[in-house]
Amino acid sequence: MGIVAEAAVIGGDAEEDFAMTYRIACGPDWEVRTLEARIVGMACSIQIASDGLGAWTTAGGSPLPALDGAIDVDIMATPFTNTLPIRRLRLDEGQSAEITVAYVSVPDLALSASRQRYTCLKSGSLYRFESVESGFSRDIAIDRLGLVVEYPDLFRRVADA
């Protein structure tokens, strides 16, 4: 049995606002199997699938070799996708892992491979996220389930479910 997450995101910046929905299905070890994302009110959507080992295809079965090696996805507009590698990697305090993710930019839903590094700073509560290419880095706080509660300057959980 796997994990399925469905959500809606409303966001934007000074230039463009957007609303999107997404659905991510993972295997039992948090490896992403499918991603569906749609920008509300626009003819912009993606549906991709993975074998869980780093090979990706479109919904129609066409290979996506640009994403080869990616196990996780990272949707720019949500901190939830940081939970996926945190849960899958199960790093001990002080351990780091460099991974490739299928990065989804918003609102265009463009796909690209991105190298990222996760470091467990404090077991069960604090991780460092780094984009290997850009050098962007943030220490992100998580709850006992591995869900992001604080991503400085970008996201903060405002209530517990």
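In the numbering used here, the protein residues as written are 175 to 335.
No residue lacks a Cβ here, since even glycine has one placed at the ideal position from N, Cα and C.
What you are looking at is a predicted structure, and each value in this text was computed from that prediction instead of being measured.
Notebook entry, point to check: Of the choices A181, V178, E190, P237, whose alpha-carbon is the least far from that of P281?
Noted result: For the purposes of this step, residue 281 is taken as residue 107 along the sequence shown, with counting starting at 1. Minimum Cα distance to P281 is reached at E190.
Notebook entry, point to check: Under 8 Å, do A223 and R207 count as touching if we go by C-beta distance?
Noted result: Indexing the sequence shown from 1 puts residue 223 at position 49. Indexing the sequence shown from 1 puts residue 207 at position 33. Closer than 8 Å, so yes.
Item checked: Alpha carbon of L209 to alpha carbon of G268, nearest angstrom -> To locate residue 209, count along the sequence shown from 1; it is residue 35. To locate residue 268, count along the sequence shown from 1; it is residue 94. Roughly 31 Å between the two C-alpha positions.
Note to self: Do T293 and S270 count as a contact pair if the criterion is CB distance below 8 Å?
What the structure shows: Residue numbering aside, residue 270 sits at position 96 when the sequence shown is read from its first letter. Residue numbering aside, residue 293 sits at position 119 when the sequence shown is read from its first letter. Yes, these two residues count as a Cβ contact at 8 Å.
Next item on the list: Could you give the DSSP three-state label for L300: helix, strand or coil?
Entry: Stepping through the sequence shown from its first residue, residue 300 is reached at position 126. Here L300 sits in strand by DSSP.
Next item on the list: Kindly indicate which residue of C200, T195, M194 has the alpha-carbon position closest to the one of V178.
Entry: Counting from one through the sequence shown, the residue named residue 178 turns up at place 4. Per the Cα distances, C200.
Note to self: Using only the alpha-carbon positions, how far apart do V306 and D334 sit?
What the structure shows: Position 132 of the sequence shown, counted from the start, is the residue given in the question as residue 306. Position 160 of the sequence shown, counted from the start, is the residue given in the question as residue 334. Distance between the alpha carbons of V306 and D334 is about 32 Å.
Notebook entry, point to check: Count the other CB atoms within 10 Å of the CB of I184; is the residue buried (16 or more) or exposed (fewer)?
Noted result: Working through the sequence shown from its first residue, we reach residue 184 at position 10. Label assigned to I184: exposed.
Item checked: Close-in-space but distant-in-sequence residues of the same chain around I260 (CB under 7 Å, 5 per side omitted) -> For the purposes of this step, residue 260 is taken as residue 86 along the sequence shown, with counting starting at 1. Setting aside the 5 residues that flank it on each side, I260 is surrounded in the same chain by Y292, Y301, I316, G320, each with a C-beta closer than 7 Å to its C-beta; the list follows chain order.
Next item on the list: Helix, strand or coil for T208, going by three-state DSSP, please let me know.
Entry: Position 34 of the sequence shown holds residue 208. Three-state DSSP puts T208 in a strand.
Next item on the list: Indicate the three-state DSSP secondary structure (helix, strand or coil) for T252 in the structure shown.
Entry: Numbered from its first residue, the sequence shown carries residue 252 at position 78. It is coil, neither helix nor strand.
Next item on the list: Please state whether DSSP places A240 in a helix, a strand or coil.
Entry: Your numbering for residue 240 matches position 66 in the sequence shown. A240 falls in the helix class under three-state DSSP.
Notebook entry, point to check: Going by beta carbon distance, what residues of the same chain come within less than 6 Å of R212, once the five residues before and after it are set aside?
Noted result: As a position in the sequence shown, residue 212 is number 38, starting the count at 1. The residues are T195, S219.
Check: Any idea what DSSP makes of L295, helix, strand or coil?
Finding: Locating residue 295 in the sequence shown gives position 121, counting from the first residue. Three-state DSSP puts L295 in a strand.
Next item on the list: Given a cut-off of 8 Å, decide if I245 and E205 are closer than it, judged by their beta-carbon atoms.
Entry: Along the sequence shown, read from residue 1 onward, the residue named residue 205 stands at position 31. Along the sequence shown, read from residue 1 onward, the residue named residue 245 stands at position 71. Yes, Cβ-Cβ distance for E205 and I245 is below 8 Å.
Note to self: Going by DSSP, what residue range makes up the beta strand (DSSP E) through S270?
What the structure shows: Mapped onto the sequence shown, residue 270 falls at position 96. Looking at the DSSP string, the run of the beta strand (DSSP E) that includes S270 is 270-278.
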